[in-house]
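Asker: One structure coming up, written as structure tokens, with questions to follow.
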Amino acid sequence: MGTKELRTEMVDALSKVSRKLRTLFDGRVREQGLTLARARTLLVLSNQEGLYQKELAEVLEIENATMVRLLDGLERQNFIERRAVKGDRRAKQIVMTHEGREQAELVVKLAEEVRQDLLDTVSDEDIAATVRVLHAMGHSMEKTDRPPLSQVN
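Residue numbering for the sequence shown follows UniProt numbering, beginning at 1 and increasing consecutively.
Here it is as structure tokens:
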């Protein structure tokens, strides 16, 4: 197989695995009454509690309007609270409730189970090589400054 075909197969396989991973994880968190987006939010907050709403949207790479709806849902489930910030009426700090922390712990366990299920038969050497390749691809994407095709014309 030539370089072009190998690269095509790699990116296609990566896309397919990424979609399947999202679907698998989404199914697992839905069993707990969450959506994938809410689970991701709880995971981020479990590691960086007290982020401002705007910071959280940036970390999750979503628009502010989407963030508002996402936080509304988490607040209805009593997993988070929005706290006003002194000196800035518009800014909101996001803090997990006790129930939110418990749910985040469950999501962490689910993520660990998914990783175990997916990588149980893959050697550490193959995982390390894959991580190196993914980091190299990420670095290439960061330094590529070409506009999307939709913006070329």
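Glycine included, every Cβ here is placed at the ideal spot set by N, Cα and C.
Exposed or buried, K92, counting other C-beta atoms within 10 Å across all chains shown (16 or more means buried)?
Answerer: Numbered from its first residue, the sequence shown carries residue 92 at position 92. It is buried - the Cβ of K92 has at least 16 other Cβ atoms within 10 Å.
Asker: Counting only runs of 3+ residues fully inside the UniProt domain "HTH marR-type" (7-139), write out the beta strand (DSSP E) ranges in chain order.
Answerer: Within the UniProt domain "HTH marR-type" (7-139), the complete beta strand (DSSP E) runs of at least 3 residues are 80-85, 88-96.
Asker: Work out the CA separation of V59 and G27 for me, nearest whole Å.
Answerer: For this step, residue 27 is matched to residue 27 along the sequence shown. For this step, residue 59 is matched to residue 59 along the sequence shown. When rounded, the distance between both Cα atoms is 23 Å.
Asker: Specify whether the segment 95-114 and the segment 70-81 touch according to this definition: at least 3 beta carbon pairs, one from each stretch, less than 8 Å apart.
Answerer: Taking 8 Å as the limit for Cβ pairs, the verdict is that the segment 70-81 does touch the segment 95-114.
Asker: In chain order, what residues of the same chain have a beta carbon less than 8 Å from the beta carbon of E9, not counting five sequence neighbours either side?
Answerer: As a working mapping, residue 9 is identified with position 9 in the sequence shown. Closer than 8 Å at the Cβ level, and outside the excluded window around E9, lie M1.
Asker: Just tell me which of I62, K143, L119, A136 has its CA closest to the CA of R38.
Answerer: Within the sequence shown, residue 38 is the residue found at index 38, counting from 1. Considering only alpha carbons, the answer is I62.
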